[in-house]
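**Student:** So the sequence shown is residues 642 to 1022, counted in my numbering. Before I ask anything, let me first share the structure, which is written out below as structure tokens.
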Amino acid sequence: MKLHEYRSKQLFSQHGIPIPRGRVAMTAQEAKVVAQELGGRVVVKAQVLVGGRGKAGGIRLVDSPEEAEEMATRVLGMHVRGLPVNRVLIDEAADVQSEIYLSVTNDRGRRCPVIIASAEGGVDIEEVAKTMPEKIVRVHVDPLLGMRQYQARQLAASIGLSREYWQEFGNIVRGLYDTYVNTDATLAEINPLVISGDQRLLALDGKMIIDDNALYRRPELAEMRDLDEEEPAEREARRFSLSYVKLDGSIGCMVNGAGLAMATMDVIKLYGGEPANFLDIGGGAGADKVAAAFNLILKDEGVRAVLINIFGGITRCDEVARGILTAMQEVEGNPPMVVRLVGTNEEEGRHLLRNADMVVATSLGDAAQKAIQLSAEGLPA
Ligand code: GDP
Ligand code: MN
């Protein structure tokens, strides 16, 4: 779950990281009042869950409360990269001398947290990684020992930070690491961390991603989820407890079990196809859930064929078949479908689907090849 900039910065602030004075506003009038409180020279920032808002026109420095109101009026009506702006953050404008990048994230390969820093802050870090990889430095943290102060000094030295800032930088790295640990985050990022005209370090931007699997024990964070800002399909998937990730291919997949879902995607790719999604309907899915899953797949305009791969253990094949039939009645223009049903009540399941114009496959390899062929033809067999 991604957090808005203003929420991320509040969490940073609670961990001792200096942030600009500021407040979030829901209306242009409110934005004007906040700008007045802050003395007029403020930056108006669209709160949307994507990066690169600056380039997209979602961030603007203004000189007066009136201008802040005007800018807020414009921003509150707009979409940034497809997402609606419902809030603006009004921050006291900072005098930016230089911009640093700083983040803590998981290094899955090394199985531990990694702190990443760069003197090339303010810009897209992926871009820096591509064009100037030597400008990015990393230190890994032993999760049992925790972050050590020498590691922050090591980072400071490696990015060429002037010594007078090392102490303060160390406190910020410590604060960011603590934020990351205390919120079960998978990412805590400050970009840019700036050196201001009055020689202070200040977190101007904040981004956090909280591990969804930890939200059960972070109810105060779970409440921060902004439903308006999520891909509608993924929101719908969560409502039915489906694991769904949209991808760019043409073969929609409906599978039970994450491992089987990944294997299905691999086999599709092995035969030269591209999956349109990852979808795990989970164990014991009833007809309702199957219908919801099926609807998700069919709403994806990229889908040219559907591969249903069910191993019936706890999930019963006849339940799955019923769900598919229900969903097919609701959606128009069904693409061709290939189904592989194996396990509990498989005969009954196949029997139900026999009249539904589906291609029944004998193995996963067979199913993948048939789905690929049908997706290319765009016609039912
Ligand atoms: P992003 O584009 O979504 O990453 O949004 P940021 O909050 O990082 O803002 C983009 C850029 O706007 C920053 O890198 C800064 O260069 C600039 N910026 C943001 N706030 C201020 C400010 O208070 N003063 C100045 N001078 N520049 C700012
Ligand atoms: Mn930024």
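A virtual CB, placed ideally from N, CA and C, is assigned to each residue, including glycine.
Quick check on this structure: which residue in Ala928, Ile892, Gly762 has the alpha carbon closest to the alpha carbon of glycine 913?
**Tutor:** One-based indexing of the sequence shown puts residue 913 at position 272. Out of Ala928, Ile892, Gly762, Ile892 has the C-alpha closest to the C-alpha of glycine 913.
**Student:** In three-state terms, what does DSSP make of histidine 656?
**Tutor:** In the sequence shown, residue 656 corresponds to position 15, counting from 1. Coil, per DSSP.
**Student:** Does the count of Cβ pairs from the stretch 915 to 933 and the stretch 959 to 969 closer than 8 Å reach three?
**Tutor:** yes
**Student:** Could you check the C-alpha separation between leucine 696 and tyrosine 806 for me, to the nearest Å?
**Tutor:** As a first step, residue 696 is located in the sequence shown; it is residue number 55 there, counting from the start. As a first step, residue 806 is located in the sequence shown; it is residue number 165 there, counting from the start. The identity of residue 696 in the sequence shown is lysine, whereas the question assumes leucine. Near 29 Å, if we compare the C-alpha coordinates of tyrosine 806 and lysine 696.
**Student:** Alpha carbon to alpha carbon, how far is serine 649 from glutamine 670? Give it in angstroms, no decimals.
**Tutor:** Position 29 of the sequence shown, counting from 1, holds the residue named residue 670. Position 8 of the sequence shown, counting from 1, holds the residue named residue 649. Cα to Cα, the separation comes out at about 24 Å.
**Student:** Tell me, which residues are paired with isoleucine 766 by DSSP?
**Tutor:** Here the question's residue 766 lines up with position 125 in the sequence shown. Partner(s): none; isoleucine 766 has no beta bridge.
**Student:** Taking 7 Å as the cut-off, does the CB of proline 833 come closer than this to any heavy atom belonging to the ligand MN?
**Tutor:** Position 192 of the sequence shown, counted from the first residue, corresponds to residue 833. Because some heavy atom of the ligand MN lies under 7 Å away, the Cβ of proline 833 counts as near it: yes.
**Student:** Are the stretch 781 to 790 and the stretch 741 to 756 touching, with three or more C-beta to C-beta distances below 8 Å?
**Tutor:** Contact between the stretch 781 to 790 and the stretch 741 to 756 is present, because at least three Cβ pairs lie under 8 Å.
**Student:** Just reading off the beta strand (DSSP E) that glutamine 738 is part of, what are its end residues?
**Tutor:** The count along the sequence shown starts at 1 and reaches residue 738 at position 97. It spans 737 to 748 - the beta strand (DSSP E) in which glutamine 738 sits, taken as one unbroken run.
**Student:** Taking only three categories from DSSP, how would you classify arginine 715?
**Tutor:** Numbered from 1 along the sequence shown, position 74 holds the residue referred to as residue 715. Helix.
**Student:** Note the first and the last residue of the continuous beta strand (DSSP E) segment covering asparagine 832.
**Tutor:** Position 191 of the sequence shown, counted from the start, is the residue given in the question as residue 832. Its beta strand (DSSP E) spans residues 826 to 837.
**Student:** Inspect the CB distances between the stretch 719 to 739 and the stretch 682 to 689 and report whether three or more fall short of 8 Å.
**Tutor:** yes
**Student:** Would you say the beta carbon of isoleucine 660 is closer than 7 Å to some non-hydrogen atom of the ligand GDP?
**Tutor:** On the sequence shown, residue 660 is found 19 positions in, with the first residue counted as 1. The ligand GDP has no heavy atom closer than 7 Å to the beta-carbon of isoleucine 660.
**Student:** Mind checking who tyrosine 885 pairs with in its DSSP beta bridge?
**Tutor:** Residue mapping note: residue 885 aligns to position 244 of the sequence shown, counting from 1. In DSSP, tyrosine 885 forms a bridge with Leu920.
**Student:** Tell me the rounded alpha-carbon separation between isoleucine 955 and valine 1001.
**Tutor:** The residue you call residue 955 lines up with position 314 of the sequence shown. The residue you call residue 1001 lines up with position 360 of the sequence shown. Computed Cα separation, rounded: 21 Å.
**Student:** Determine, using beta-carbon pairs with one atom in the stretch 755 to 768 and one in the stretch 856 to 872, whether at least three such pairs fall under 8 Å.
**Tutor:** In this structure the stretch 755 to 768 does not lie against the stretch 856 to 872, because fewer than three pairs of beta carbons, one per stretch, are closer than 8 Å.
**Student:** Just the C-alpha distance for aspartate 825 and glycine 699, rounded to the nearest angstrom, thanks.
**Tutor:** The sequence position of residue 825 within the sequence shown is 184, counting from 1. The sequence position of residue 699 within the sequence shown is 58, counting from 1. In a straight line, the C-alpha of aspartate 825 is about 29 Å away from that of glycine 699.
**Student:** Helix, strand or coil: which one does DSSP assign to glutamate 872?
**Tutor:** Counting from 1 along the sequence shown, the entry for residue 872 is found at position 231. Three-state DSSP puts glutamate 872 in coil, outside helix and strand.
**Student:** Can you tell me which of Met903, Gly943, Ala793, Arg859 puts its alpha carbon nearest to the alpha carbon of methionine 1005?
**Tutor:** Taking the sequence shown and counting its residues from 1, the one referred to as residue 1005 is at position 364. A quick correction: the sequence has leucine, not methionine, at residue 1005. When only C-alpha atoms are compared, the closest one is Met903.
**Student:** Only counting the same chain, and skipping five residues up and downstream in sequence, which positions put a Cβ closer than 6 Å to that of glycine 681?
**Tutor:** If you number the sequence shown from 1, residue 681 lands on position 40. Closer than 6 Å at Cβ, skipping near neighbours: Ser705, Pro706.
**Student:** Does arginine 879 come out as helix, strand or coil in the three-state DSSP assignment?
**Tutor:** Working through the sequence shown from its first residue, we reach residue 879 at position 238. Here arginine 879 sits in helix by DSSP.
**Student:** Sort Arg794, Leu937, Asp867, Met667 by Cα distance to arginine 715 and report the nearest one.
**Tutor:** Counted from its first residue, the sequence shown places residue 715 at position 74. Comparing Cα positions, the closest option is Met667.
**Student:** Given this structure, state the Cα-to-Cα distance separating phenylalanine 881 from glutamate 971, to the nearest angstrom.
**Tutor:** Counting from one through the sequence shown, the residue named residue 881 turns up at place 240. Counting from one through the sequence shown, the residue named residue 971 turns up at place 330. If I take the Cα positions, the gap works out to 17 Å.
**Student:** So, for isoleucine 949: in the same chain, excluding its five sequence neighbours on each side, which residues have a beta-carbon less than 6 Å away from its beta-carbon?
**Tutor:** The residue you call residue 949 lines up with position 308 of the sequence shown. Closer than 6 Å at the Cβ level, and outside the excluded window around isoleucine 949, lie Met895, Val980.
**Student:** Run through the DSSP bridge pairs and tell me what lysine 848 is partnered with.
**Tutor:** Locating residue 848 in the sequence shown gives position 207, counting from the first residue. Glu830, per the DSSP bridge assignment.
**Student:** Give me the Cβ distance between isoleucine 951 and leucine 982, rounded to the nearest whole Å; I'm assuming they're in contact under 8 Å.
**Tutor:** Numbered from its first residue, the sequence shown carries residue 951 at position 310. Numbered from its first residue, the sequence shown carries residue 982 at position 341. That belief holds up - the Cβ atoms of isoleucine 951 and leucine 982 are roughly 5 Å apart, short of 8 Å.
**Student:** Among Gly663, His656, Gly657, which one has its Cα closest to the Cα of tyrosine 1024?
**Tutor:** Absent from the model: residue 1024. The displayed extent of the chain is 642 to 1022, so no value can be given.
**Student:** Could you tell me the distance, in whole angstroms, from the CA atom of asparagine 936 to the CA atom of aspartate 921?
**Tutor:** In the sequence shown, the residue the question calls residue 936 occupies position 295. In the sequence shown, the residue the question calls residue 921 occupies position 280. Taking the straight line joining both Cα atoms gives about 14 Å.
**Student:** Using a Cβ-based criterion (distance less than 7 Å to any ligand heavy atom), does aspartate 867 qualify as near the ligand GDP?
**Tutor:** As a first step, residue 867 must be located in the sequence shown, where it is residue number 226. For aspartate 867, the shortest separation between its Cβ and any heavy atom of the ligand GDP does not lie below 7 Å.
**Student:** Within 7 Å: the Cβ of valine 961 and any heavy atom of the ligand GDP?
**Tutor:** Mapped onto the sequence shown, residue 961 falls at position 320. Flag unset: Cβ of valine 961 not near the ligand GDP.
**Student:** Measuring CA to CA, which of Lys1011, Tyr791, Arg841 is closest to proline 659?
**Tutor:** For the purposes of this step, residue 659 is taken as the residue at position 18 of the sequence shown. Comparing Cα-Cα distances from proline 659 to each of Lys1011, Tyr791, Arg841, the minimum goes to Arg841.
**Student:** Give me the Cβ distance between leucine 845 and alanine 735, rounded to the nearest whole Å; I'm assuming they're in contact under 8 Å.
**Tutor:** Sequence index remark: in the sequence shown, residue 845 carries index 204 (1-based). Sequence index remark: in the sequence shown, residue 735 carries index 94 (1-based). Yes, they are in contact, since the Cβ atoms of leucine 845 and alanine 735 sit about 6 Å apart, within 8 Å.
**Student:** Would you identify the three-state DSSP class for histidine 992, choosing helix, strand or coil?
**Tutor:** What you label residue 992 is simply residue 351 of the sequence shown in a count that begins at 1. Here histidine 992 sits in helix by DSSP.
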